[in-house]
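Read the structure below first, then the notes.
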Ligand SMILES: C[S@@+](CC[C@H](N)C(=O)[O-])C[C@H]1O[C@@H](n2cnc3c(N)ncnc32)[C@H](O)[C@@H]1O
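In this note's numbering, the protein residues as written are 10 to 296.
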């Protein structure tokens with residue numbers, strides 16, 4: 010198989026694929042149905058027939074610009090393997106900061122606390138939280154029924170389906186009455202509409218537009234959600250929302266006008282970029 014790996018890697022390198030070596034290994038391991046590390050210990054194995062054809066076809070798709078996670082249909086997030094398809098955003102490593110921040114608060118909540126994940130996509134954030142907080146109940150919403158189907162499958166495969174309710178609808182519209190959520194998290198679309206055409210090709214051509222487009226300044230979904238927070242937040246609740254580079258001041262301005270906000274802050278990622286808006290709310294019942 011080592012000859013196939015060398016040829017494949019060279020093919021990707023010539024096509025300008027940045028991670029040519031790693032991508033080649035991931036694709037071959039996927040075709041073989043192996044963990045990637047096994048390629049090292051079984052490099053003498055002969056790969057032929059259907060498996061070889063599948064690998065060569067996958068290489069061509071990668072050379073044509075299709076992201077590896079779209080080809081293999083999965084992506085790791087929070088050290089868990091998530092199924093992805095064309096209806097969901099491929100979960101990104103930067104969203105792990107949202108999970109980390111949510112866990113700081115989630116770990117202090119009473120066991121039966123209710124958590125809400127708005128715009129769940131593949132279910133990455135909701136499933137990661139459910140795995141780390143074994144007693145909480147989570148409601149996860151999305152406007153896309155196809156995305157919710159993927160999220161449900163991920164929750165089932167990762168063993169947390171009994172604690173996540175998946176609900177279809179636009180932002181907070183499914184919740185007619187005060188819902189008493191203690192922690193509300195969201196990674197909404199936040200790319201300004203005019204910047205989508207300038208994103209990397211792998212993002213603009215392969216991630217669904219409804220998962221990217223945040224309107225004129227990228228903050229329309231946040232405005233929408235923020236306006237409804239007082240209605241659905243429980244006592245002493247938190248709202249945490251992923252934002253993009255340079256959106257911190259705008260996000261703080263949006264949230265400053267919301268009734269019941271006790272404190273609001275922007276958490277930066279390791280590169281110093283605005284990444285998570287973190288808000289403590291008095292909540293309807295405690296006011
Ligand atoms: C940036 S993706 C985040 C997906 C996932 N939470 C993650 O972090 O990988 C935004 C998600 O919001 C969903 N979305 C877009 N507009 C929505 C709306 N009006 N109401 C609910 N969800 C919406 C999209 O379908 C998409 O799944």
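Quick reminder that beta carbons are idealized off the backbone N, C-alpha and C, glycines included.
The beta strand (DSSP E) enclosing residue i, as first and last residue numbers
i: residue 184; result: It is not in any beta strand (DSSP E) - residue 184 carries neither H nor E in the DSSP assignment.
i: residue 207; result: That residue, residue 207, is in no beta strand (DSSP E); it is neither H nor E in DSSP.
Residue i burial status per 10 Å Cβ neighbour count (16 or more: buried)
i: residue 88; result: exposed
i: residue 223; result: buried
i: residue 298; result: Only positions 10 to 296 of the chain appear in the structure, and residue 298 is not among them; the question remains open.
i: residue 54; result: exposed
i: residue 19; result: exposed
i: residue 131; result: buried
i: residue 163; result: buried
i: residue 247; result: buried
i: residue 182; result: exposed
i: residue 154; result: exposed
i: residue 266; result: exposed
i: residue 283; result: buried
i: residue 121; result: exposed
Per-residue DSSP class, three states only, for residue i
i: residue 146; result: strand
i: residue 36; result: helix
i: residue 289; result: strand
i: residue 159; result: helix
i: residue 17; result: helix
i: residue 50; result: helix
i: residue 169; result: coil
i: residue 92; result: strand
i: residue 98; result: coil
i: residue 295; result: In this prediction, residue 295 scores a pLDDT of 45, lower than 50, which makes its location untrustworthy; no coordinate-derived value is stated.
Limits of the unbroken alpha helix (DSSP H) element including residue i
i: residue 109; result: 105 to 115
i: residue 174; result: Premise fails: residue 174 lies in the beta strand (DSSP E), 173 to 177, not in any alpha helix (DSSP H).
i: residue 69; result: 58 to 72
i: residue 85; result: First-last for residue 85: 83 to 86, but that is the beta strand (DSSP E), not the alpha helix (DSSP H).
i: residue 138; result: 133 to 141
Beta bridge counterpart(s) of residue i as assigned by DSSP
i: residue 277; result: 283
i: residue 43; result: Beta-bridge pairing links residue 43 to no other residue.
i: residue 151; result: 177
i: residue 195; result: 127, 250
i: residue 80; result: Residue 80 pairs with nothing; no bridge assigned.
Heavy atom of ligand 3 within 7 Å of residue i beta-carbon
i: residue 152; result: You won't find ligand 3 in this model; what it holds is ligand 1.
CB contact check: residue i to chain D, cutoff 8 Å
i: residue 38; result: Within the model displayed, chain D is absent; a lone protein chain is all it includes.
*What residue ranges within the segment 214 to 273 form continuous alpha helix (DSSP H) runs of no fewer than 4 residues, ordered along the chain?*
Listed in chain order, they are 229 to 241, 257 to 265.
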